[in-house]
Amino acid sequence: MPSPPPPALQRVLRPVHLWAIAVGLVISGEYFGWNYGWAVSGTVGFLLATLLVTVMYLTFIFSFTELTTAIPHAGGPFAYAYRAFGPLGGLVSGYATLVDFLLAPPAIAFALGSYAHFLNPNFSVLPTAITCYAVFIGINLVGIKESARFTLVVTTLAVAELLVFMGLIAPHFTLKNFLTNPLPFGPAGVFAALPFAVWFYLAIEGVAMVAEEVEDPRRNIPKGYAYGILTLVVLALGVMVLTGGITDWRRLSTIDYPLPEALAIVLGKDSGWTRLFTSIGLFGLVASFHGNTIGYSRQVFALARSGYLPGFLSRVNRRRTPHWALIAGGLVGFVALLTGRTDQVIILSVLGAVTMYVISMGSLFVLRKKEPNLARPFRAPFYPYFPLVALGLSGVCLGAIVYYNPGLSLLFFGGLFTWLGGFVALGKHKERINGEALLERVEQ
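Right under this line is the structure:
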């Protein structure tokens with residue numbers, strides 16, 4: 400009796416949807432989180448860290464696109480590492496990607512709660528954050544087509560709002576403010592600020608997780624990535640530089656709502672523009688929360704389908720949405736919310752991301768040698784220099800995060816080795832798992 404086909408997803412996404420998902424996944428990073436980088440580096444120190452990370456992401460995304468189009472799989476980096484390094488490589492990459500996407504939403508939920516509290520002190524941060532999880536898991540259960548339309552609307556509004564924000568504060572920018580105490584911790588501060596600079600772009604790689612839901616992925620994915628990364632570079636540098644020049648940066652370096660506070664400084668808290676921005680500013684956070692919910696659910700789905708997580712997490716509902724994966728990821732996020740530390744959740748999420756970047760670039764080099772005949776509709780430009788730069792800078796970021804955050808790094812790698820040990824003890828690293836056969840089907 401033939402075995403049943405593996406759970407499948409629906410191909411409905413086009414380049415405009417991919418742009419919206421790519422930008423939407425990340426755009427909350429322009430609204431909050433990055434400002435914690437000022438606290439450890441000052442304005443100029445953080446600008447240097449941001450420029451370094453911007454180069455890393457530009458080279459990474461144009462290299463990563465080769466992998467995404469060659470192996471359009473919902474597991475994304477897990478699938479590439481599995482193909483290049485085998486089951487153990489897939490596990491390491493899958494774990495890092497899970498940490499990246501499971502812990503980004505709690506940080507965003509904290510910010511949503513903080514923005515709501517800024518608008519109305521009667522709204523408590525934690526209950527608002529928990530409510531967000533319930534609402535957006537519900538929206539995602541409806542189906543990817545409807546979720547993509549929602550993402551397109553809120554992402555477009557969020558981009559427009561950031562442009563308006565920059566226009567409102569630009570007249571109040573002074574170079575004197577920006578250069579006040581610009582590098583208080585010296586060159587070391589630049590490295591300490593790297594995880595917060597990564598937050599500007601973190602999760603754009605999540606487009607890979609919807610690769611199985613894209614119409615003609617080999618043509619449309621490169622377009623979505625290119626439009627997305629260029630949009631984010633403009634927004635990240637514009638928001639960070641202009642905000643740093645309107646007041647003493649220390650006033651904004653430890654809060655979850657730096658942009659509304661910046662407007663309150665230049666226009667007054669009771670200004671109609673300030674309150675309007677804070678109200679619609681929720682769209683940027685909503686776009687990222689929603690996009691990361693799509694990302695983590697597809698990663699959980701792919702790992703479960705390949706035997707790395709319990710099989711029931713790969714089930715899809717009648718709308719072909721991985722409902723159990725959505726719910727399980729939401730429970731992890733709820734636990735993370737109880738810690739109450741946005742900065743630490745951000746650092747853990749970034750740690751997962753840069754670990755995955757290192758493995759993905761390694762996978763690119765290995766697959767070029769191991770499978771030279773693999774169909775590559777998009778090839779990394781300036782190979783091998785672009786992926787080498789991305790690999791080197793990702794390694795620098797990883798080393799800096801571990802050095803400046805030893806406790807969180809111990810937690811991250813402790814979880815990895817625990818999962819790895821259990822995987823080996825059960826002998827699963829010797830099995831031809833479902834994921835291997837599935838990779839072959841995806842290519843066909």
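Residue numbers in the sequence shown follow the numbering used here, run continuously in steps of one, and reach 843 at the last position. For each residue, glycine too, the CB sits at the ideal point set by N, CA and C.
Every unbroken alpha helix (DSSP H) within the stretch 722 to 788, with a cutoff of 4 residues, ordered by chain: 722 to 736 and 741 to 769
Quick check: the Cα distance between Ser748 and Phe711, rounded to an integer number of angstroms? 25 angstroms
Pair within 8 angstroms by beta-carbon distance, Gly814 and Leu501: no
Should Leu540 be flagged as near chain B, meaning a C-beta pair shorter than 8 angstroms? The structure shown contains no chain B; it holds only a single protein chain.
C-alpha distance - Glu429 paired with Thr449, whole-angstrom precision: 12 angstroms
What residue range is occupied by the uninterrupted alpha helix (DSSP H) comprising Asp669? No alpha helix (DSSP H) holds Asp669; DSSP gives it neither H nor E.
What span of residues does the alpha helix (DSSP H) with Tyr430 cover, start to end? Ser427 to Tyr430
What residue range does the alpha helix (DSSP H) around Met596 cover? This sequence places Ala at residue 596; Met is not what is there. Here the alpha helix (DSSP H) through Ala596 covers Leu593 to Val597.
Nearest by alpha-carbon distance to Asn434: which of Asp669, Ser652 and Lys622 is it? Ser652
I need the DSSP call for Val801, collapsed to helix, strand or coil. helix
Would you tell me roughly how many angstroms separate the C-alpha atoms of Gln843 and Ile470, rounded to the nearest one? Reliability fails at Gln843, whose pLDDT of 41 lies under 50, so the model's placement of it is uncertain and the value that follows must be treated cautiously. Cα-Cα distance, rounded: 10 angstroms.
Buried or exposed: where does Gly432 fall if 16 or more other Cβ atoms within 10 Å of its Cβ makes it buried? buried
Are the stretch 651 to 669 and the stretch 505 to 515 touching, with three or more C-beta to C-beta distances below 8 angstroms? yes
In the DSSP assignment, find the alpha helix (DSSP H) that holds Asp499 and state where it starts and stops. Pro486 to Leu518
Collapsed DSSP secondary structure at Gln843 in the structure displayed: Confidence at Gln843 is low in this model, with a pLDDT of 41, below 50, so its placement is unreliable and the value that follows should be read with caution. Coil, per DSSP.
If we ignore side chains and look at the alpha-carbon of each, how far apart do Arg413 and Ile568 end up? 35 angstroms
Bridge partners - Val443, DSSP secondary structure assignment: Looking at the DSSP assignment, Val443 forms no beta bridge with any residue, so it has no partner.
In the DSSP assignment, what are the bridge partners of Leu412? Val613
Going along the chain, which residues of its own chain have a beta-carbon closer than 6 angstroms to the beta-carbon of Trp648, five neighbours each way excluded? Trp437 and Thr442
Measure how close the beta-carbons of Ile507 and Phe676 come, nearest whole angstrom, since I'm counting them as under 8 angstroms. Wrong, their Cβ atoms sit about 18 angstroms apart, outside the cutoff.
Note down the Cα distance separating Phe785 from Ser462, rounded to an integer number of angstroms. 7 angstroms
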